[in-house]
């Protein structure tokens, strides 16, 4: 396959992820959209690493995968704690935390 098809796939995945982050209220959907965007970046890095004999893109992609794993553990733990506190996963229910600190 040519690199243009991989870049088109990555653009499509990143666009779907960006729309998911901006339009959804469910924290799980926002989390999965962020993961989709990070995987789109990994596809771009792997494509450019394949085009050039340099291993820099592959190394950065592996580092991003490690960051994704750590972020998954932290984000899911935060979702569990927020659900225990508010009994919902709607992101609008957590805006009062920011408003209390400002006033």
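In the working numbering, the protein residues as written are 39 to 141. Note that the Cβ used here is the ideal one computed from N, Cα and C, for glycine as well.
Backbone CA spacing between residue i and residue j [nearest angstrom]
i: residue 58; j: residue 113; result: 17 Å
i: residue 109; j: residue 95; result: 21 Å
i: residue 153; j: residue 48; result: Since the first residue of the chain shown is 39 and the last is 141, residue 153 is not available in this structure.
i: residue 60; j: residue 88; result: 32 Å
i: residue 124; j: residue 131; result: 7 Å
Classification of residue i by the beta-carbon crowding that lies within 10 angstroms, buried from 16 upward
i: residue 83; result: buried
i: residue 55; result: buried
i: residue 105; result: exposed
Of the listed residues the options, nearest to residue i (C-alpha basis)
i: residue 80; options: 68, 91, 62 and 101; result: 101
i: residue 53; options: 92, 77 and 116; result: 77
i: residue 70; options: 46, 41 and 107; result: 107
| field | Inside the region 70 to 127 only - alpha helix (DSSP H) runs reaching at least 4 residues | value | 94 to 124
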